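As structure tokens, the structure follows; a few thoughts come after it.
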Amino acid sequence: MDGLFPPAPSRVPDVEDRFVGGRPRDELWVAEYLPHWTVPSRSAARVAAAGASGIRLLIEEDQLDWREEDAPLRVSNLQTAVFSGPVGSARGTHRHRPGLRVRTAVPTRLLWAPSSGRVDVTVSASVDEGCMLAVWLVGVEEGSARDCGEICVFEIDASAVGAGSVVARCGLKAHGDDRLATEMRSVTVPVDAAQAHTWSVEWGPAGTVIGCEGRVVFWSSAAPAYPLQLMVDLFEIGPRSGASAYPKSAVVHAVRGWSGPL
2 MDGLFPPAPS RVPDVEDRFV GGRPRDELWV AEYLPHWTVP SRSAARVAAA GASGIRLLIE
62 EDQLDWREED APLRVSNLQT AVFSGPVGSA RGTHRHRPGL RVRTAVPTRL LWAPSSGRVD
122 VTVSASVDEG CMLAVWLVGV EEGSARDCGE ICVFEIDASA VGAGSVVARC GLKAHGDDRL
182 ATEMRSVTVP VDAAQAHTWS VEWGPAGTVI GCEGRVVFWS SAAPAYPLQL MVDLFEIGPR
242 SGASAYPKSA VVHAVRGWSG PL
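In this note's numbering, the protein residues as written are 2 to 263.
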């Protein structure tokens, strides 16, 4: 690790959610995973309260795969924007798989989509078989299909969570943005990721810096410079487990965000 992560801005966050009552706020979150590429019965998140505050993202036994052709892949996701073209078009946020076409046209909702800023996300990762918890900032693409890069704040596989450390992936993914280069890194962080811990990211003209528990784990001089939506995802990847393994879960305790410049 490469030093101390910058302290949070002294001003009040532009967005903040502690998920009191275990519900995502409609004015901040779309509780679906990229709904335009699939249908509502497959994109809708499953959630539950996680105590007095916090939200538990769930994968339940009867949950459908996000798309039949991508099976096995089940996901519960919260995102802060949504955009698509008309049914049948290839226009929409996060064209991360070849051949995607819009199946459900959705109205554009930019609930929070900064072009620079800072995000702090406090989570407890899943330790359930086949699961991955991830936080991304992804180009909305409303203005241009070229604006599709991604900041991967972290991806944590359940199998990588240990009692005293976790191996996570973080960095930048260019996808179809020819102004960016993909820069991904596996990092070992000395935290029990199954317990509450905080990941942070700042991005803007000076580049991108990602940290965990106040320590820098990734830095790049590059950064996307267009509206990004925040995505918080729990995936189950691979064959279904036995019925007794469900529900599988991860907890999002709090999210704070500042739009740039900081």
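The beta carbon of each residue, even a glycine, is placed where N, CA and C say it ideally should be. Quick caveat: nothing in here was measured; it's all calculated off a predicted structure.
Can you tell me which of Arg92, Arg104, Ser166, Glu214 puts its alpha carbon nearest to the alpha carbon of Asp148? One-based indexing of the sequence shown puts residue 148 at position 147. For Asp148, the nearest C-alpha among the options comes from Arg92.
Use the C-beta contact count for Gly258: other C-beta atoms within 10 angstroms, 16 or more gives buried, fewer gives exposed. Looking up residue 258 in the sequence shown gives position 257. The residue is buried, with at least 16 neighbouring Cβ atoms inside 10 Å.
Which residues share a DSSP beta bridge with Gly258? Translated into positions along the sequence shown, residue 258 becomes position 257. Looking at the DSSP assignment, Gly258 forms a beta bridge with Val16, Val120.
In terms of residue numbering, what span does the beta strand (DSSP E) encompassing Arg170 cover? Taking the sequence shown and counting its residues from 1, one reaches residue 170 at position 169. Boundaries of the beta strand (DSSP E) around Arg170: 167–174.
Residues in the same chain with beta-carbon distance under 6 Å from Ile60, minus the five sequence neighbours each way, listed in chain order, please. Indexing the sequence shown from 1 puts residue 60 at position 59. Here the set comprises Arg75, Glu237, Lys249.
My output table needs one value for Arg43: the three-state DSSP class, helix, strand or coil. As a working note, residue 43 is residue 42 in the sequence shown. When secondary structure is reduced to three states using DSSP, Arg43 falls in the helix class.
For His198, which of helix, strand or coil comes out of DSSP? In the sequence shown, counting from the first residue as 1, residue 198 sits at position 197. Reduced to three states, the DSSP call for His198 is strand.
If contacts are defined as beta-carbon pairs under 8 Å, then Ser201 and Val120 qualify, I think. What distance do you get, rounded to the angstrom? In the sequence shown, counting from the first residue as 1, residue 201 sits at position 200. In the sequence shown, counting from the first residue as 1, residue 120 sits at position 119. The C-beta distance from Ser201 to Val120 rounds to 7 Å, short enough to meet the 8 Å contact threshold.
Reducing DSSP to helix, strand and coil, say where Met2 ends up. Looking up residue 2 in the sequence shown gives position 1. Note that Met2 has pLDDT 47, beneath the 50 cutoff, so the model's placement of it is unreliable and no number is given.
On a CA-only basis, which of Pro225, Glu203, Ser222, Phe155 is nearest Ala194? Give me that one, please. By one-based count along the sequence shown, residue 194 stands at place 193. Just measuring C-alpha positions, the residue of Pro225, Glu203, Ser222, Phe155 sitting nearest Ala194 is Phe155.
Whole angstroms are fine: how far does the CA of Pro87 sit from the CA of Met2? Here residue 2 corresponds to residue number 1 of the sequence shown, with the count starting at 1. Here residue 87 corresponds to residue number 86 of the sequence shown, with the count starting at 1. Interpretation of Met2 is limited by its pLDDT of 47, a score under 50 that renders its predicted location unreliable; the figure taken from the coordinates is listed afterwards. Rounded to whole angstroms, Met2 to Pro87 spans 45 Å at the Cα level.
Do Thr189 and Val168 have their C-beta atoms closer together than 8 Å? Reading the sequence shown from its first residue, position 188 is the one you call residue 189. Reading the sequence shown from its first residue, position 167 is the one you call residue 168. Yes.
Tell me where the beta strand (DSSP E) around Thr189 begins and ends. The count along the sequence shown starts at 1 and reaches residue 189 at position 188. Where Thr189 is concerned, the enclosing beta strand (DSSP E) stretches over 184–190.
Going along the chain, which residues of its own chain have a beta-carbon closer than 7 Å to the beta-carbon of Glu203, five neighbours each way excluded? What you label residue 203 is simply residue 202 of the sequence shown in a count that begins at 1. The beta carbon of Glu203 sits closer than 7 Å to the beta carbons of Pro7, Arg119, Val210, Leu263 from its chain, once the five residues preceding and following it are set aside; these are given in chain order.
On a Cα-Cα basis, can you pick out the residue from Gly89, Arg170, Leu181 that is closest to Ser187? Here residue 187 refers to the residue found at position 186 when the sequence shown is read from its first residue. Closest option to Ser187, Cα to Cα, is Arg170.
Which residues in the same chain have their Cβ closer than 6 Å to the Cβ of Ala72, if we skip the five residues on either side of it in sequence? Along the sequence shown, read from residue 1 onward, the residue named residue 72 stands at position 71. Within the same chain, Ala72 has close Cβ partners Asp66.
The segment 212–221 / the segment 124–138 touching (three or more Cβ pairs under 8 Å): In short, these stretches do not touch, since the Cβ pair count stays below three.
Given this structure, state the Cα-to-Cα distance separating Arg24 from Val40, to the nearest angstrom. Residue numbering aside, residue 24 sits at position 23 when the sequence shown is read from its first letter. Residue numbering aside, residue 40 sits at position 39 when the sequence shown is read from its first letter. So the two alpha carbons sit approximately 22 Å from each other.
Within 8 Å, strictly: CB atoms of Gly52 and Val217: As a position in the sequence shown, residue 52 is number 51, starting the count at 1. As a position in the sequence shown, residue 217 is number 216, starting the count at 1. No, Cβ-Cβ distance for Gly52 and Val217 is not below 8 Å.
Using a Cβ-Cβ cutoff of less than 8 Å, which residues in the same chain neighbour Arg47 once the five nearest sequence positions on both sides are dropped? Locating residue 47 in the sequence shown gives position 46, counting from the first residue. Leu58, Leu59, Ile60, Glu61, Gln64, Ser77, Pro248.
Asp158 - containing beta strand (DSSP E), residue span: Here the question's residue 158 lines up with position 157 in the sequence shown. Taken as a continuous stretch (DSSP letters only), the beta strand (DSSP E) holding Asp158 covers 151–158.
For the candidate residues Gly205, Ala159, Val141, whose alpha-carbon lies nearest to that of Val128? Translated into the one-based positions of the sequence shown, residue 128 becomes position 127. The candidate whose alpha carbon is nearest that of Val128 is Ala159.
Give the range of the beta strand (DSSP E) segment to which Leu59 is assigned. Residue numbering aside, residue 59 sits at position 58 when the sequence shown is read from its first letter. For Leu59, the uninterrupted beta strand (DSSP E) segment begins and ends at 56–60.
Could you have a look at Asp135 and say whether DSSP puts it in helix, strand or coil? The residue you call residue 135 lines up with position 134 of the sequence shown. Here the sequence assigns Ala to residue 135, which means Asp is not the residue at that position. Correct three-state label for Ala135: strand.
Kindly list the residues whose CB is nearer than 6 Å to the CB of Ser44, restricted to its own chain and excluding five residues on each side of it in sequence; keep chain order. By 1-based counting over the sequence shown, the position of residue 44 is 43. Excluding sequence neighbours, Ser44 sits near Glu33, Tyr34, Pro36.
By the DSSP assignment, the beta strand (DSSP E) with Glu237 in it spans what residues? Numbered from its first residue, the sequence shown carries residue 237 at position 236. Start and end: 229–238.
Ala207 versus Arg110 - alpha carbon distance: For this step, residue 207 is matched to residue 206 along the sequence shown. For this step, residue 110 is matched to residue 109 along the sequence shown. Taken atom to atom, the span from the alpha-carbon of Ala207 to that of Arg110 is near 28 Å.
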